[in-house]
Each structure stands twice: as structure tokens, then as C-alpha cells.
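One structure is given below, encoded as C-alpha cells.
4 protein chains.
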Amino acid sequence: MTRNLTVVDLNSDMGKGFGAWRMGDDEAMLEIVSSANLACGFHAGDPVIMTDMAALAKQKGVGIGAHPSFMDLWGFGRRQIRGDSMADIEKMVAYQIGALQATATLGGHKVRHVKPHGAIANMAAVDRELALALARAVKAVDRELIYVALPNTEIERAAETTGLRLAREVFADRTYDDTGNLTPRKAPGAVIHDAEVAASRVIRMIEEGGVRSVSGKLVPVAIDTICVHGDNPAAVAMARTVRERLQAAGIAIRPMAETLA
Amino acid sequence: MTRNLTVVDLNSDMGKGFGAWRMGDDEAMLEIVSSANLACGFHAGDPVIMTDMAALAKQKGVGIGAHPSFMDLWGFGRRQIRGDSMADIEKMVAYQIGALQATATLGGHKVRHVKPHGAIANMAAVDRELALALARAVKAVDRELIYVALPNTEIERAAETTGLRLAREVFADRTYDDTGNLTPRKAPGAVIHDAEVAASRVIRMIEEGGVRSVSGKLVPVAIDTICVHGDNPAAVAMARTVRERLQAAGIAIRPMAETLA
Amino acid sequence: MTRNLTVVDLNSDMGKGFGAWRMGDDEAMLEIVSSANLACGFHAGDPVIMTDMAALAKQKGVGIGAHPSFMDLWGFGRRQIRGDSMADIEKMVAYQIGALQATATLGGHKVRHVKPHGAIANMAAVDRELALALARAVKAVDRELIYVALPNTEIERAAETTGLRLAREVFADRTYDDTGNLTPRKAPGAVIHDAEVAASRVIRMIEEGGVRSVSGKLVPVAIDTICVHGDNPAAVAMARTVRERLQAAGIAIRPMAETLA
Amino acid sequence: MTRNLTVVDLNSDMGKGFGAWRMGDDEAMLEIVSSANLACGFHAGDPVIMTDMAALAKQKGVGIGAHPSFMDLWGFGRRQIRGDSMADIEKMVAYQIGALQATATLGGHKVRHVKPHGAIANMAAVDRELALALARAVKAVDRELIYVALPNTEIERAAETTGLRLAREVFADRTYDDTGNLTPRKAPGAVIHDAEVAASRVIRMIEEGGVRSVSGKLVPVAIDTICVHGDNPAAVAMARTVRERLQAAGIAIRPMAETLA
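Protein chains in written order, with the numbering used here: chain A, 1 to 261; chain B, 262 to 522; chain C, 523 to 783; chain D, 784 to 1044.
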């Protein structure tokens, strides 16, 4: 896959509403990111916010993707649910992608990527069978969909096995260990709260073509998209800083569907 | 639209399960009907039964369509829900069609028609704005979808206005008035319980190109599809009798997507 | 019923969360009101927020009541749902009250009142059969519960017929017509946005023992509780002003369970 | 606890419906069992079936209890859900018991026992913290409630620790190992399908005051209640046979609330 390293995608989870409820500042984030991962009704999202977010994203030139999850509105998809067969999970993921495809079509946009959400993503990162089930669902629904994966996970390997287009993702606000994996969220310093620090790290990752581990080691990683958050004003501010610093460094921000060959 | 009157479609509502629950004898009905209207998760249906029914229908040569509804699992979509904007209802219908499209794709089949379910269908039959919202959703998602409508309703008119392909439907087990509308379900004799009577009526409708009202009048109606039920053994038996009598009368039974030009 | 007119209750709808979602500033409102109407899981509310709000309310000396609704999480209970029998609605209301009773008990508090929410309340205000169904549910579950009703509605009459203890409610931010009913929300000036105006009106209502209609007429009304809102900072500020002005005018604010004989 | 060994309770899971769906032959089972475990809306059950089952059980002299579960309607409470705090699970269980208490009151009956359902029960059987959370919820809501537990599980120990009244349960259709625990369901012969065999085993258990393991060893167990099923005609027939054989053997069948001191 050829890739111009001075172009990158910024992605964020959005459309996290249900009925009268809203979480996160979608309006602000649409001015910042180039790709929006839209909840599909299982942990958040409903037909109205999905259609409306698709229409707004189209208007702003922001790409959209499905953000499938366990069926767990109450737990926001963050709880592990154990007991479904891999075949049934495949069907659940297909359902969610399809629901977004049609509401996106109604909103005038097109789904171009898929990024699993929450507990199902965390579980699939280390569970080959689950990761393959997710990948099969994506491929069955639309083999042109780009699959967003953390490098070095079973999700990445399953995408490769399945032959899916792959967008490798780094986090703007997280540190990495020597194997290129995220340090545990609860480890001291694992989450970066300073926007300038986060922005500098992201630029260095892109310039170096890899992540610097907490010990200073460079772990080569293909970086297609950077995950930022919009859940609170500080997160939005960090995302904005990352965008501004990337642009100031001459790095263009484009939807992943444009940057991936 | 050209139509060979010795060919007709038999449709039935199917896939009416949720999790561990099941309603109706889908297995038997797949041997009888040529089109299955599949619940999409709002009044019944879930990713598993949707995918599985699509795969089974494909195997049996049965066409599939979406059976969208109000978001009302508890009330099985039979309760009127008032207060949503027409724009929001459009989004809800798109969501359901898309969810079925993707699970059908996973199951190896393709959604070819849409038939609204329950209260939203009854309301749309007499509410022009609601009928248009439903039709717009269908057209936005896939303009090739066939829209199943009762003749003489706002649903039929909205489909014509919107330019949708239209399958006009009669009921095997209901009587009609002089305007070609169904007699109220609670009127004496409005629901036919004798399978042979139902089958004879259906054949006559097709041969005469219209429905005979309770007063004996022939109301010309284009008949593309006949609705039968599978909720209990008597209903399944009636559906089977209708199929057998149609075939004995030389009337072929084919999915509506094949019979409509 | 004897009533000391220099004592009144301030009530507000609270606990309007579900899983990770929250609506309204419950923390601020617990410092302002004397009674909290807690959502019971049908339009909002879940076991966690219900228990936690009960515990917090207990700690703050705030009374709690059930805020039952149609089963409509997506529509926040604001949509009319038509088709359930009165007997079934009775069961739905009982379910919600019981769920709050037990979670309140776990939180160390006790449910003392019931106030219907949203569409079911609006429908019951003008539908005698529905109003009676709600009142029967309240009485069946605990005949000591206080029932919050707008004066001159079927809800008030049903409570009287059923023999329930009754708390008559006025709104701090709404105007009234000559019959003592609320002016339609969409009429110009129907909703008061100025906190001081709202506070002055409330004090006058209490001092005069009735509401002043838009034409200036005094309509005598027993006033047991005043409804205020906490959905946004302006609403919280108005509620706080109403509380401060009432106290400054020598009117004590107490939970309705203490003010009603 | 004194106990007359010629009296025993027969319990079964019932009220397993939701809206238009039904599972199991509740009508038949009400003639067979002396205690019904009623689903409370989380894995099955809704306000209507809960109220109606309570009323029918009252009429038939059948005791009722809450059958709380994970919030998992789709998975019928059979899937493990991991990620909730013990405190939150306590609130979920309280919610369900309360909902049944109030609907039972409306139906003219009273909740006398609690028996956890499905995955949460299986997990609590071997998880001391979870078992204690469940027991605390039961005790907080009503300390007179009888808690149904499998002997030798953390559920039994938690009930003892908490000071709850305890009904020890055996299964009519399962075999036991030398420690008095159930043999794994998938082990050959672990599930008994012959009604007469099941009935004979149950009578022997009661007469011997313990369970005979697969190796023939007698493991002393206090037997307060026998679990039977009603999910299909064969299960109902087995339950009926167990009842008839018990009665023929002079063993009276009474609700656990009557048999426990």
C-alpha cells in the first residue's frame, strides 16, 4: 500500500446520542476531524442522529464509518458480554453497518470505514476468533470498507487475513510500550492530558513512521489515522490543537478513504 | 406495467422472533410463500433471525423484503406512536431497511421489497404525509425496491407520487367493500376462516382482475401479491390450501420481484 | 385537608439519566427543591441513578416520588402511545412505582408521591378513563402515596374519586387562563423566562390562594407544590430565585409529605 | 430451622413472556407447582404478564418469587455481562424485586421469595462478591424474603452470611457428584429425561435427606424446594409426574413460604 506520509486522517467517535440524550460536542468535532465513527444504535446512536450526523459530515467533508458494538445501550458497549456464538456476533455487526449505510444514504453520504467500539473491540484485540468474526461481517457487507485497527492486535491480523483494506490507528493521548502496544490506561502517565504534548507526539510519530515507547524506543508503525476525543471541552481543545499543529507542520488532514490507496 | 395474470406472489410476515422468542411457523411458510416480509428489529426481528431467514429464503427461492415498524418491541408495532416528525420517521424506516439489507447480504440474499407493518401501516393508509415519508425512505435507500401497498390507500398513492415500483396486495382471508377497501376486521364475516373459501376467493380475484365486494360488486384491482399468515396451524393450513388451489388452477406462484416488470 | 399556606413544596423532575447519559443538573436542584420526581426506567431512569438519587435526596432532606411514563426510552415519554388497555397501563404504572420503592429502600429513602410524566400525563389530564387507571395503580401499590395533579384536570378528579391524597401543583414558569388551566405552551408569553417575574408570580399565587389568569382574574386554587425545572443553567437559576424569593417572603419550603395532612 | 421432611415445595420459572411473546406453559404449570419464579422484565417478563401471573398464582394457591437477571432481554439473561460494579448489580436486583412486589400487589398477591436467574446465578454460584451483592439487595428490599439457593454454592453461603431465610433447592432432572454439586450439563447422563426416573430420584432424595451422587454416595442436603421446568410438553409431563409421585408417596407439596419456619 503506497502512502503519502505528509497526509493523515483524524478520527473521533461521534453521534453518541439516543433520543433526547447527547454526549460529546459533535458540532465542534466536525470542524476538527476528517473521519467520524458513528454509533449504530447498539451502544448509542439512533436513526435520527445517524442520519443527521451523516448529512452534517457530508457537508463538512468529513468521512463516516460504522462504530459497531455489543447490544448494550445501558452499558454504552463498555461491558463484556459473553455467550454469543461467533456466527451471531457476525450478524450483529452486519446489522449495525447496514443500518448506518441506509441512514447515511438518506443523509446523502456513504459509509467508508468500520471501527469496532468498546468492549467488543477490546476483546477482539486479543481474541483471534472474535476478531475474525468482526472482519468477516465487514467483508460480507461491503468488501471496499476500510477497517480501522490498532497495530499489533488480532484485529489487525484478522483484517489482513480477510483481505480487508486496513487503516492503522494511533492515539493522540496515549503512550506506548516497546512492543508498540498501548500502556495500560491505569499506569501512571499512560494518558496524556497536555494538548501541546499530545500534538508534538503525534507529529513526531508521523515524521518518524512509528511510535516512541515510554523507554524511548522507536517502534515502526504505519500510521493512517489518529484517534482524538470530543467528550468534554478539554478533549475538544486537545483535538483542535492536534489539528492545528499538524497543519502547521505541513501535514494535511484528509478522510482515510482518500489517503488509503 | 405489464403483468401476466396467471402469475402471482404469495407473501407472509416472517422472522417474528427476538432472542429466544419465536412466533409463527417460518419453516412451514417458507415452503408455501414466494415472498417473506422480514421484521427488522423494531417490533420483532434481530440480527440473528434476520440473517438466518434471509439465508433460508434464498435456499428456498423465496424473495425477501423489509417489514419496517414503529420502534415498539413490547407492543409488536401494533400501537400508534404519535409525536415523531415525518423526517424522523423517514430515518427510522431507512435504518430498518438498511439493517435488513446488510444481514440479508451476509445471508447471501438481497432485499427486493418493503411492506410497512402494523400501526404505522394502518396510519399511513389514511395519512398522506406519513405515507409520503415512508415512500421517501424506501426510495432514498434503494429506488429499485418494490413497495407493497393495499390498493386505494395513501400508501399506494404515495408510492405512485414517489415513482416507486408498486406491488398491489390483496388478503386471502378478508372481505372487501364496494370501494375496494377491506371491511372492518370486527364486522361479522370480515375475516374468512375456511381455507377452501379463502382459496376460491383468491382464484376468482385473480381471474376477474379485481375483488368481489360483500355486496357482490366487482371492483377492478391490479393484484400482484396475496397476503397469507403463518401465526398458528390453522393459518398455515389456509396458506397451504391457497397455494395448492392456485397451482391447481394453473396460476404460478413467483416472488414479486420476478412478476413485476 | 388543613394546610398552612405559608408552607409550600417545590418539586422538580430529576434522575433523568440512563446508563452513561445524564440530563439536567440534579446536584444543583437537590439544594433547591423539597421534592424530586424520579424517572423509573420507562422514559429515563435506571436502577443505578434511581438508587443514587434516592440516597442523595435522603441526605439533603428532599422527598422523592415516582415519575411514571409510557415505556418509551427513545421518545423520553413525550410521544403518545395508543393501543394499550387501561388495565395494562395500570400494570405499567404499578411496575414503575414498585421499582422505585425498592431502589429507594436500598438507598435509604421512601417514596411518598407519584407524578405522571410527559405524554401519559397530558393524555390523562383530559381522559377520564386513563386518569382513573393511573389513580388505581397508585392506590393499589400504596394507598398512602400522595398524587400530584394539576388542578381542574381529570387527574385531579380521578384522585378525588379514588380517595388518594392529593397535591395540587402550579408551574412557576407558565401562565393560566380564566378557567385555571395552563395557556397553551405555544401561545405568546405562555412560558415565563424571567426568574424574578416567575418568583413574584409564585409568591402572589400563594398569598392569594389562586392563580391570576392572563386577563387578570383570580382563579382560586389550592397550591400544594410548585413545579420548577433543572434542565439547563437558566432553569436552575430560575428555580433558585423562586426558592430564595419564597424564603425571603417568609414562605417555608417543605416536602409535600410534610405539608399535607 | 425445623422442617417437616414430608412436605416439600415444587418451583418453576414462569412468566417468561414479553409483549406478544410467550415461552412455556404457565397455565399447566400453575396446576403442578407450589412456587413460581417470575421474570421481572430484565431477561423476560413485563408489567402485564407479571401482574397477571401474580393474580393467577394467588388464585391457584401458588407462591410467587422474583427471578432477577442481568439486563439482557435479547440473550434471555443467559449471557455473562462483565463490567458492572457490585454496588450497581445490587441496585439492578432491587429494581427487579420492587417491580414484582408492586405488580404482585396489584394482582392481589405477595412476593415471598427470590431466585436469581441464568448467567447471574451461575456466576454468583462461584463468585463470593457477586453472591453477597445479590444477597444484600434481597435483604435491603425485604428481609423476610426467602432466598432460593443451590446447596454448596457461594449463593448459599452469602445468604447465610447475610442472615437471609434460605430455601435449599434440588433439581428433579439433574444428577449430582460426590460433593453434592450438579454434574456438568454436558456430561453423559447429566440431564434426566425419563419422568418416572426423575420422580423416583426426587422421592428418594427427600426420604434420605440428601442427594445420591452418580457414584452412589449419599450427600446429606437439606431439601426445601425442587426445581421443575415447563418449557415444553415433555418438561410439563415430567413436572406433573414428579408431583403425582410425591403425593402418592405421602409427601405434601406446599409453597416454600409455608414450609419454611
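Idealized CB from N, CA, C, for every residue including glycine.
Sequence-distant residues of its chain with Cβ nearer than 8 Å to residue i (five each side left out)
i, result
"A451(B)", "R435, T436, L443, T444, P445"
"E90(A)", "A133, L134, R136, A137, A140"
"Q769(C)", "I775"
"L479(B)", "E469, G471, V472, R473"
"R418(B)", "R389, A392"
Cβ shell of residue i (< 7 Å), same chain only, five flanking positions each side left out
i, result
"A1018(D)", "H1012"
"V402(B)", "A355, I358, G359"
"R240(A)", "I32"
"N935(D)", "T962, G963, N964"
"A1032(D)", "I986"
"A66(A)", "L38, C40, Q96, I97, L100, V111, V114"
"P47(A)", "T103"
"P742(C)", "G731, G732"
According to DSSP, residues forming a beta bridge with residue i
i, result
"T486(B)", "D270(B), E430(B)"
"P673(C)", "In the DSSP output, where bridge partners are listed per residue, P673(C) has none listed."
"R174(A)", "V191(A)"
"F18(A)", "W21(A)"
"R504(B)", "Paired residue(s): none; R504(B) is not in a bridge."
"I407(B)", "H374(B), R426(B)"
"R734(C)", "L740(C)"
"H67(A)", "A39(A)"
"A513(B)", "V268(B)"
"Q80(A)", "R865(D)"
"L704(C)", "Y698(C)"
Residues of its chain near residue i, where Cβ-Cβ distance is below 6 Å and the 5 sequence neighbours each way are ignored
i, result
"C263(A)", "Since the first residue of chain A shown is 1 and the last is 261, residue 263(A) is not available in this structure."
"V790(D)", "A1035, R1037, T1042"
"I49(A)", "G15, G17"
"N265(B)", "Low local confidence applies: a pLDDT of 49 at N265(B) is under 50, so the model's placement there is unreliable, and no value is given."
Buried versus exposed, by CB contacts within 10 Å (16 or more), residue i
i, result
"R634(C)", "buried"
"S607(C)", "exposed"
"H787(C)", "Given that chain C is displayed from residue 523 to residue 783, the structure contains no residue 787(C) and the question cannot be resolved."
"A348(B)", "exposed"
"T911(D)", "Checking the sequence shown, residue 911(D) turns out to be Arg, not Thr. R911(D) should be labelled exposed."
"P1016(D)", "exposed"
"V909(D)", "exposed"
"Q884(D)", "buried"
"P851(D)", "buried"
"R243(A)", "buried"
"S34(A)", "buried"
"G931(D)", "In the sequence as presented, Gly is not what sits at residue 931(D); that position holds Val. With 16 or more other Cβ atoms within 10 Å, it is buried."
"G583(C)", "exposed"
"E415(B)", "buried"
"D796(D)", "buried"
"G19(A)", "buried"
"P899(D)", "buried"
"G108(A)", "exposed"
"A297(B)", "buried"
Near the ligand MN: residue i beta-carbon under 7 Å from a heavy atom
i, result
"V743(C)", "Among the ligands in the structure shown, none appear at all, so the ligand MN cannot be discussed."
Integer Cβ distance of residue i from residue j, believed to fall under 8 Å
i, j, result
"G344(B)", "R600(C)", "6 Å"
"A499(C)", "F592(C)", "The first residue shown for chain C is 523 and the last is 783, placing residue 499(C) beyond what the model contains."
"D9(A)", "M256(A)", "4 Å"
### Query
Closer than 8 Å, Cβ to any Cβ of chain B: which residues of the stretch 578 to 602 of chain C, in chain order?
M593, D594, W596, G597, R600, R601, Q602
### Message
Short of 8 Å Cβ to Cβ, which residues in the stretch 815 to 835 of chain D face chain A?
### Response
none
#### Entry: chain A contacts made by the stretch 374 to 405 of chain B, where a contact means CB separation under 9 Å
Listed by position along the chain: R397, A398, A401, V402, D403.
### Query
Which of the residues in the stretch 799 to 810 of chain D, read from start to end, lie with their CB under 9 Å from any CB of chain B?
K799, G800, F801, G802, A803, W804, R805, M806
### Message
Taking beta-carbon pairs under 7 Å, can you tell me which members of the stretch 608 to 619 of chain C lie near chain D?
### Response
D610, E612, K613, M614, A616, Y617, I619
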